[in-house]
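Data first, discussion second: the structure below is written as structure tokens.
Residue numbers (my numbering): 610 to 730.
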């Protein structure tokens, strides 16, 4: 794990920290010191996924973070993680609705028309 955390590849570090955190959660038996240690890995994964704009993985990290914070009884921090999860979800929906290129939109519209015409036969 030290090789990943000290490394320069943010994506590998984020995935490694998230995987490590999930393994800690499974083996923790709700031990407070162990879950506190798990939060460190989740925070690293959160920062890296956020900087890389990998929103689906960031949502997963925030879900686990909220779950651990709930177990630790830290409700305000849990609520903040839940709120950030909802913000990321809304941001993903906005990004999905954006049309990046007009030509791509026109091609998609043509594909829909062609599919519709073929299905009518």
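Every residue gets a Cβ at the ideal spot worked out from N, C-alpha and C, and that includes glycine.
According to DSSP, is residue i helix, strand or coil?
| i | result |
| --- | --- |
| residue 622 | helix |
| residue 687 | helix |
| residue 638 | coil |
Check for me: the alpha helix (DSSP H) holding residue i runs from which residue to which?
| i | result |
| --- | --- |
| residue 670 | 664–681 |
| residue 711 | 711–728 |
| residue 649 | 641–661 |
When the distance is taken between beta carbons, is residue j closer than 8 Å to residue i?
| i | j | result |
| --- | --- | --- |
| residue 722 | residue 681 | no |
| residue 661 | residue 729 | no |
| residue 658 | residue 648 | no |
| residue 664 | residue 696 | no |
| residue 646 | residue 634 | no |
| residue 690 | residue 654 | no |
Who are the near neighbours of residue i in its chain, counting only those whose CB is closer than 6 Å to its CB and skipping five residues on each side?
| i | result |
| --- | --- |
| residue 693 | 671 |
| residue 687 | 675, 678 and 679 |
| residue 703 | none |
Residues in the same chain with beta-carbon distance under 8 Å from residue i, minus the five sequence neighbours each way, listed in chain order, please.
| i | result |
| --- | --- |
| residue 651 | 626, 627, 630, 670, 673, 674 and 677 |
| residue 637 | 643, 644 and 647 |
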